[in-house]
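Since the structure comes first, as structure tokens, the remarks are kept for the end.
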Amino acid sequence: MNTNLAAQINSFLAAMILLTAFGMLVQRRMYGLIHLFAWQGLFLSVSTAVVGFVAGAHHLYISSILTLSLKVILLPYILHVLIQRLKIHKEVETIVNVPMTMLIGIALVVFSYHLTAPVRELSTLITRSTLAVALATVMLGLLMMITRKHAVTQIIGFLAMENGLFFAATSATYGMPLVVELGVALDILIAAFIFGIFFFQIHTTFDSLDIDQMARLKEED
Amino acid sequence: MPLLILLSVPLFAAIVLAFIGDRKYAPEINILGSAATFAAGISLALEVYVEGPMLAGGKFFFVDAFNVYLAVLTSFVSMTTAIFSRRYMRKERQDGHVGPIRMRFYHAMFQLFIFAMLLCLLTNNVGVLWIAMELATLSTVLLVSLYRTPSAIEAAWKYFILCGVGIALALFGTVLLYFAAEKVLGAGGEALLWTNLSQVSGKLEPTVLSLAFVFLMVGYGTKVGLVPVHNWLPDAHSEGPTPISAVLSGLLLNVALYALVRCKVLVDGSTGTHHAGDIMMGFGLLSIIVAAFSLLRQKDIKRMFAYSSIEHMGIATFAFGLGGPIATFGALLHMLVHSLTKSAIFFTVGHASQMHWTQEMDRIKGLIKGNPLVGWGLMFGVMAIVGMPPFGVFTSEFLILTATMKDAPLLTPFLLLGFGVAFAALFRRVQPMVTGPVPSYQRPLKAAHIPVMLHMALVLVIGIYMPDFLNRWFHTAVELLK
Amino acid sequence: MMFYPFLIEVLQILIILAVAPVFAGWVKMLKCWSQGRTSPGLFQPYRDIVKLFSKDVVLAENASWIFRGTPYLVFGVVVLSGGIVPMLSVDLPLAATADVIALVALFAIARFFTALAGMDIGTAFGGMGSSREMTIASLAEPAMLMAIFTVSLASKSTSLSQMVQVVYSGQAVLRPSLAFALLAFILIALAETGRIPVDNPATHLELTMIHEAMILEYSGRHLALIEWAGMMKLFLFVMLGIAVFSPWGIAASGDLAAIPRAFLFMILKLGAVGAGLVLIETGLAKMRLFRLTEFLGSAFLLATLGMLSYFILE
Amino acid sequence: MTAIASLLGVAAGGWAVGKGITNQIILPLGLPDLLFHLRLDPLSGFFLVVIGLLAFFVSIYSLGYVKGFLVHRSITSLVIFYCLFLAGMFMVVLADDALFFLISWEVMAAASYFLVMFEDEKIENRRAAFLYMIVAHVGAIAILLSFGVLAGLTTGFQGFSGYTFDAMRATSFPLGWATAAFLLAFFGFAAKAGVIPLHVWLPEAHPVAPSNISALMSGVMLKTAIYGIIRVAFDLIKVFPWWWGSIVLIFGLVSAVMGVLYALMQHDLKRLLAYHSVENIGIILIGIGLSMIFTSFHMPLLAALALTAGLFHTMNHAMFKGLLFMGAGAVLQATHERNMEEMGGLIHKMPWTAAFFLVGCISISALPPFNGFISEWLTFQAFLLSPSLPSPLLNLLIPMGAALLALTGALAAACFVKAFGVTFLGHWRGHHNPNVHEAGWPMRIGMMLSALTCLGLGVLPTLFIEWMDVISEQLVGAKIATSATGLGWMWLTPIAHERASYSGPIVFVGILAVVLIAYILLHSRPAAIHRVPIWDCGFEKINQRMQYNATSFAMPIRRIFGFLFSIKEQVRFVSLFGHKAFPKKLHYHLRIRDLFWGWLYKPVVDVSFWISRKVGRLQQGRIQVYLIYSFVTIIILLVFLG
């Protein structure tokens, strides 16, 4: 596989990641979201492996496998189980003003591109152009957290952000040092357990996972 | 060697505590672990004091004047907090707020949290720094929701999500930092070591670094509790158990600020401008003012002191942003004395609310007569925190204010406004609580004397007589942060 | 000549003790004439005082030592002031004891104690008198100081003998500032000595009394001392005005022979001032208490005008 | 104990002023790079004497006074904070670097705060203490900033040596910065001194504090602020334009007049005294302001005169105000009452206290032969000399100030006729007759000593002025000539013999002599004194409710100066037959408030709470909104940097 091809594959995968990010932004159904998230993880994992192969950075394979096992298999599975356990699978969520959200998302992509343009000039890596996509994914994850009202979707948004970060790490730099990668993965694992516990706590206390109920700690009278 | 002990003791203690569970002597083990940590911290400090900055564990750890003093502080406050929590948590158990499982969880997580913070301070690797920071968040999230009340869960959720997002942004910043460093230092672990980065900071790409700083600033700033990304802080501090509020306020914020300052040094070194400092000053100033005005309308005692923490972190951030020897000196001192004072305040606040069965300030009255230690402790604590001499906070605020007057005189009115309002707001609330006759519903309580008195005495001593070694430490740290 | 100044001093104190009642009698006499009444004679005040001295004292039950001591104190203060204002000669040893400001303060202490004595008994009248007296005094004081200020601008001094000397030596003739100051001084003196239109010394009508209300409870020798001191105070104010604004005829330093001449001049001037006083008192009606603000305000205005005209015109 | 320590302070201060020397000590405390510097020079020595002397008297007094508390509460905290308070004041005047100065300053403030709050079960005490603390702290911050400005301009700012006063003395400051520093310092010190409009805490805090503390707070704590102003202006900055002096002068005048007017309206004895502190601080500031004006026009002699007047008044005010508060404390302890409307006739039951209080009243009313007169007279002399200034505008305006000062003096006299008359004279006005007794011996001795000092300073001012001349010599470079002739101690002649003179001894001895002569002459013939009931004008028996009281006494003045207060007057009729002509009962209600509450403080408080409400909206409860904050913040920063 020559470098050029790899770059093309990588760009394609980047586009797919971006697409799934947008998909998650507007997806109303819970299962659909989880599937989209798993797809995004898969693209990420493949992309990591490709980069690792091209750059000869073998620790990226470990990264890739970690991503695959965590984000494509483990986390979606946990979410699945939780949703069934907590009987929320039928819930369809309302999102504030979908077209508006889309527009903001597009603006964010443009903005990310503009922002990373000077950085792109500096880099010699084949993956350099994907940095904008990574940033956009992070921002879209954040946007998703803002527009959603459900605890599970917020968590998915959060994880999507993490995906964007991983992508940034691989695309911009051919991956962080292994210690860091492992640590980050560990953290995400712990976080996953914690939000699992949280779902139960919230559910038993509030009878649903709608976070609009959790707005009582405030300063307004 | 002390370094290894310093790190391993809390980790080990966490494991032990997780296994032995809620035994009668668990609090004592907790104290013992913290005390051992503190002893290790002291010996490490001595070593550094004698031999100067050092690397350890294959460049993985790095100790210099800046972080060693914070490490000692962290281990010290964690020790006193452990002492405090023995009596406090026993009372909570008697009142039926927490059960045995949660007690086990509490003790283990407490130690884990200390470990995370120490790792955060001592590591040389910017990436590991990030991981430890995230670990510190995660270990406290469930402590905040320990009481399982709706508001506690809500607070913990917000803490989890907001800090999670914040820290994610910080990771993005770290990636960008690595991106820039890799060009100069080559790929691999070397490029994330702070010791290497600080040496080559002039060669790092300025555009990338300033971009990175934005993310780091917002990310770690969330943890520091800077306005406008502070919103998790009052909730988490007011709903968690009081010992946790004390360490969150007294230590975690410091650690986050430490990370931020390290990054700022790199960025300013690279860009050659003062942009990072300016941004920090802006955040600091905004925090001071917003927190000061928010203080005015608080009804919940712990929430009020949470806002006070925001204000003080704002002050320290502002001073670091300002730069210059005197302001930096003041900021370092401020971190130290704020953490001592604020945790002492939280100790007394915890007892006070136990005495009255509530955190509502309107219901808390007559503390001095009811329990002189709690009453006077709170009174003097507040006097110290609002910057009354002869306590140490005054000294640091004095240095910061005068330095501001020198370097950015136009900003002093805002600082002044913030200080004045915060002062009035705190006093307005605290005075009725400590004075006056004892209300009928107050119950007597055996308070934890040692931590409160120890902290206040230290703050007092620092205010009147700063030992020479501390002074030299600060000066070395100031040199480092230039 | 060592004794010369002391001689003057003694002489002057004797004069003030002796002449003050006569002057009061003179004013009363003129007043009677002007109102078409028969006058009791020039020396009636003497007879009053002597009669009061020989009477027993009737004291209210709860009068304290303040009430009893005040007459002596007032008397003492006024006599001492009498030794300070130059009447016959500029060369007065005690004149250096107090300058004009201190002199005003001496009068103030007399007033202070009189007001306290008025409150001592605990009647409504006493308190009313004290309250009004102190109010008037506080309004008069700034005007008084302004007048002094104006005069001292001309003489570069507040020391009385120095002021007299400067005016006497003709360095200050027909100055507008002095004229204004004189007008102001007259208004203030009327207020300070309790004459119409500020106060009416002859009335005992409850709504109008001021000074009389304070001393209503006095009797016997206490009343005699107070009355006497009151006459001396009037006399002193007249002398002060004469000394500062028209000292002509006063004996120069060390000139013993000029003393009789100076005495003569003094008597003449006193006669004239008495006539003027009566003219004012018969011509004007007593003012309402709250109109006094305007009265004393105009005194202040005049004094200030005097000062301004000094700076602007001279 | 404290008495002895105070005496030591007096001795040290007296020695320093007497010898005119300067000592410097550096304590091994504080920041290692900024040790605590102490310095004893004539100026601080003078204030040391003032503080020490009054503290000595008050300490003796306290021995008796605190016994009143022993019955129902522990006095440990009172004693501890009392000592801290004294120590704080001593340290303030000795401090020689900015940090130590501020530490002492705030120790003093904090200690007095706790002292004010000593009887903390009363809500008014807490309120007063709170207000006091706020104002004091805001003032302290201003002072801090002022030092910040000064230190910033010294050469040694990079290290810490710039914070010492020595470094500031050695620097000559550019005008703009010096002005900022001065104004800040003046603001800060004025807040402490109770200069209008920063005075509101004072009439709240002084009345509720234990009386020995009120005596110290009013008598000497306010003086530390005066010390601060003198130190900053004359010693640290040194060169300044004339309008600085005018500012001080104007604030002094306003405080003097407004202070005394407000005092007149009070019927709480200690509150009245507190307002008088505002007035007297005003008078002191007049002296200092004039001195500054003269200094800036390079007229050292006149500057020395005005400065001496101000300092002398500082001493005097400490003595007589301490005395008055001690007297008020004795009354309070005896009657458990601060409201004058409920007092009267105490002179019969407390003859000693009455006599001492009277001495205080005469002194503060600036009447000879007591000390208050001397300083006011000196101030007048300084005023009268102002026409020699080379500025026509000042020439025209300053005399008006003299007139205002005269008004102040006269109103003060009126006020103390009221205070003494209503409290000690007449009949008891209260509803029930309490068991009133004379104050104990320690209290009497304390009061007697300060009364004697008042008299001594009034009769022999020249000795005192000669002793303190060295201060003005150091600060403005000239002495005032007091001892021109051999009998110099008798005559006080500030500038020249021809100019003006006053002789305390002669006035004192003269009055005494005439009074004695008159008394002896009149008593050579025995005359009976009949004691009879008060003449009731032929009506029914008059009762004690018919007396003039504090409110009615001040009525004429209230009418005249009514526009300066916010007055609510209410008369309510309860009438027979439903017609006004047949009143059965009259309710008279009068409420006088400090004008500045409505003008200055309430708006500030309201605005603060308004902002606070707005700021509170930030924390609005929904996590999405918080996320938006992060989002927007990062976008803005990226735009800003990218």
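Chains as they are written, first to last, in this note's numbering: chain A, -7 to 213; chain B, 1244 to 1725; chain C, 29 to 342; chain D, 5 to 646. Glycine residues also receive a C-beta, built at the ideal position from the N, C-alpha and C atoms. As the structure is a computational prediction, the values presented were derived from the model and not from experiment.
Identification of chain B residues near I182/A by a Cβ-Cβ cut-off of 8 Å yields L1378, L1381, ordered along the chain.
The C-beta of L132/A comes no closer than 9 Å to any C-beta of chain D. Look at E154/A: its C-beta is not under 9 Å from any C-beta on chain D. When the alpha-carbon of T122/A is set against those of L135/A, A161/A, L181/A, T196/A, the nearest one is in A161/A.
Going by beta carbons, L11/A and L34/A fall outside the 9 Å limit. In this structure, N1497/B is the residue among L1440/B, N1497/B, A1269/B with its C-alpha nearest to the C-alpha of A1314/B. Flagged as an interface residue toward chain A: P1477/B, by a C-beta distance shorter than 9 Å. With 16 or more other Cβ atoms from the protein chains shown falling within 10 Å of its own Cβ, T1317/B counts as buried. With a cutoff of 9 Å on beta-carbon distance, G1483/B and T1383/B are scored as near each other. Pairing F1717/B with A1308/B gives a Cβ-Cβ distance under 9 Å. One finds nothing in chain D with a Cβ atom closer than 7 Å to the Cβ of T1485/B; even the nearest lies about 21 Å away. Counting C-beta atoms within 10 angstroms of its own C-beta, H1350/B has 16 or more neighbours from the protein chains shown and is therefore classed as buried. Taking a beta-carbon distance threshold of 9 Å, E110/D counts as an interface residue toward chain B. Taking the CA atoms as reference points, L42/C sits about 28 Å from T497/D.
For the C-beta of E1397/B, the chain A residues within less than 7 Å are, from N- to C-terminus, M206, R208, L209. In the structure shown, the three-state DSSP call for T412/D is helix. The C-beta distance from S300/D to L311/D rounds to 13 Å, too long to meet the 8 Å contact threshold. Taken through DSSP and simplified to helix, strand or coil, K572/D comes out as strand. With 16 or more other Cβ atoms from the protein chains shown falling within 10 Å of its own Cβ, A1489/B counts as buried.
Inter-residue distance for Q76/A and Y69/A is about 11 Å (C-alpha atoms, whole angstroms). Within the model, the alpha-carbon separation for I368/D versus V306/C is close to 38 Å. Within the same chain, L327, G331, M451, M452, A455 come within 7 Å of F360/D by CB-CB distance, once the 5 residues on both sides are set aside. V1306/B: member of the beta strand (DSSP E) spanning 1304 to 1306, first to last residue. Going by beta carbons, N1367/B and F1456/B fall outside the 9 Å limit.
With a cutoff of 9 Å on beta-carbon distance, L1365/B and L1538/B are scored as not near each other. Membership of V38/C in the alpha helix (DSSP H) is indicated by the continuous run 32 to 62. Taking the CA atoms as reference points, I270/C sits about 58 Å from E110/D. Excluding sequence positions up to five before and after T125/C, its CB lies within less than 7 Å of the CB of I112, all in the same chain and listed in chain order.
Contact note: I186/A reaches chain B through L1381, V1384, L1385, F1403, using a C-beta cutoff of 9 Å and chain order. Within the region 320 to 395 of chain D, the runs of alpha helix (DSSP H) that reach at least 4 residues and sit entirely inside it are, in chain order, 350 to 353, 355 to 368, 375 to 388. Against V176/A, the close residues of chain B are G1370, W1373, I1374, E1377, L1414, in the order they occur along the chain (beta-carbon pairs closer than 9 Å). For S1453/B, the CB contacts under 7 Å within the same chain, skipping 5 residues up- and downstream, are V1510, T1514, H1518 in chain order. Neighbours of H1518/B in chain D, taken as residues whose beta carbon is under 7 Å from its own, are L645 in chain order.
Contact between the region 160 to 169 of chain C and the region 99 to 114 of chain C is absent, with fewer than three C-beta pairs closer than 8 Å.
Listed along chain D, the residues sitting closer than 8 Å to F1637/B by beta-carbon distance are L106, I107, E110. Between A1359/B and L1378/B, the C-beta gap is smaller than 9 Å, which places the two residues in contact.
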